[in-house]
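Asks: There's a structure below that I have some questions on.
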Amino acid sequence: MGTTVLQRLRAAGLQPTVARIGLLQVLESAAPGCLSADDLFQHMLQRGTRVSVGTVYRVVQQLLVAGLLVHEWDGQRRALYGIKSEGVDARVVRLVCRRSGRTVTLADPELRARLLAAAAAQGQDLRGQALSVVVDSLVPMPARTTQRPRLVA
19 MGTTVLQRLR AAGLQPTVAR IGLLQVLESA APGCLSADDL FQHMLQRGTR
69 VSVGTVYRVV QQLLVAGLLV HEWDGQRRAL YGIKSEGVDA RVVRLVCRRS
119 GRTVTLADPE LRARLLAAAA AQGQDLRGQA LSVVVDSLVP MPARTTQRPR
169 LVA
């Protein structure tokens with residue numbers, strides 16, 4: 019990330035507090051993935067930062083309002099939060115699994131351009147926004163074997 023946590027907070031007009039700094043650091047370490055508020059709370063405790071669940075929810079809301087976080091939903095309709103990138107990455111499209119909430123980032127500027135064009139054809143202006151495609155299930159492809167099958171005579 020180009021700027022530090024303190025610079026991001028100050029640029030957003032927020033006072034750097036232990037809770038704000040800690041949450042942003044936890045989310046940066048999870049990037050480009052997203053975490054739920056409960057996961058954030060657990061990570062904060064593991065780091066040794068003593069906060070309440072209420073503080074986590076309050077700080078997450080403050081960071082959302084300040085434009086420092088993105089908000090997504092997983093397959094169980096749980097809210098997930100992640101670091102908002104500095105400017106929208108013009109190459110990235112994110113696949114989000116409806117069932118598991120797992121995300122896969124596709125760095126493909128041509129795919130992004132085609133999706134923006136398709137949205138524009140339907141009267142939607144998505145320029146400057148993060149693009150996420152929600153799918154029913156993300157299933158890993160089977161690993162390819164390098165050995166050829168043996169013929170049995």
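The sequence shown lines up with residues 19 to 171 when you count with our numbering.
All residues carry an ideal CB built from backbone N, CA and C; glycine is no exception.
Using 8 Å as the threshold, is the C-beta distance between L156 and L133 below it?
Replies: no
Asks: Below 8 Å, how does it come out for the segment 124 to 140 and the segment 53 to 70: are there three or more Cβ pairs, yes or no?
Replies: no
Asks: Can you find the residues in the same chain that come closer than 7 Å, C-beta to C-beta, to T73, ignoring five residues on each side of it along the sequence?
Replies: These residues qualify, in order along the chain: A37.
Asks: Does the distance from the CB of V114 to the CB of V152 come in under 8 Å?
Replies: yes
Asks: With a threshold of 7 Å on Cβ separation, who are the neighbours of K102 within its own chain once the five nearest residues in sequence on each side are excluded?
Replies: G85, L86, L87, V88
Asks: Name the residue from L98, R28, D143 whose alpha carbon lies nearest to the alpha carbon of S118.
Replies: L98
Asks: Measuring straight from C-alpha to C-alpha, what distance separates T35 and V71?
Replies: As the crow flies, the alpha-carbon of T35 is around 16 Å from that of V71.
Asks: Helix, strand or coil: which one does DSSP assign to A49?
Replies: coil
Asks: For the beta strand (DSSP E) holding L149, just list the boundary residues, first then last.
Replies: Counting along the chain, L149 falls outside any beta strand (DSSP E), and DSSP gives it neither H nor E.
Asks: Could you check if A161 is buried or exposed, using at least 16 other CB atoms within 10 Å of its CB as the buried criterion?
Replies: exposed
Asks: Would you say the beta carbon of P50 comes nearer than 7 Å to a heavy atom of the ligand ATP?
Replies: Judged by which ligands are present, the structure shown has none, so any question about the ligand ATP falls away.
Asks: Excluding the 5 residues flanking E90 on each side, which residues of the same chain have their C-beta closer than 6 Å to its C-beta?
Replies: Spatial neighbours of E90 in its own chain (CB-CB distance under 6 Å, excluding positions within 5 residues in sequence) are listed in chain order as C52, L98.
Asks: Output the boundary residues of the beta strand (DSSP E) element that contains L87.
Replies: 87 to 91
Asks: Determine the closest residue to R96 out of R120, E46, L144, with distance taken between C-alpha atoms.
Replies: Ranked by Cα distance from R96, the first of R120, E46, L144 is R120.
Asks: For the beta strand (DSSP E) that contains L156, what are its first and last residues?
Replies: Looking at the DSSP string, L156 is not in any beta strand (DSSP E), and its letter there is neither H nor E.
Asks: Which residue comes first and which comes last in the beta strand (DSSP E) that contains L98?
Replies: 97 to 101
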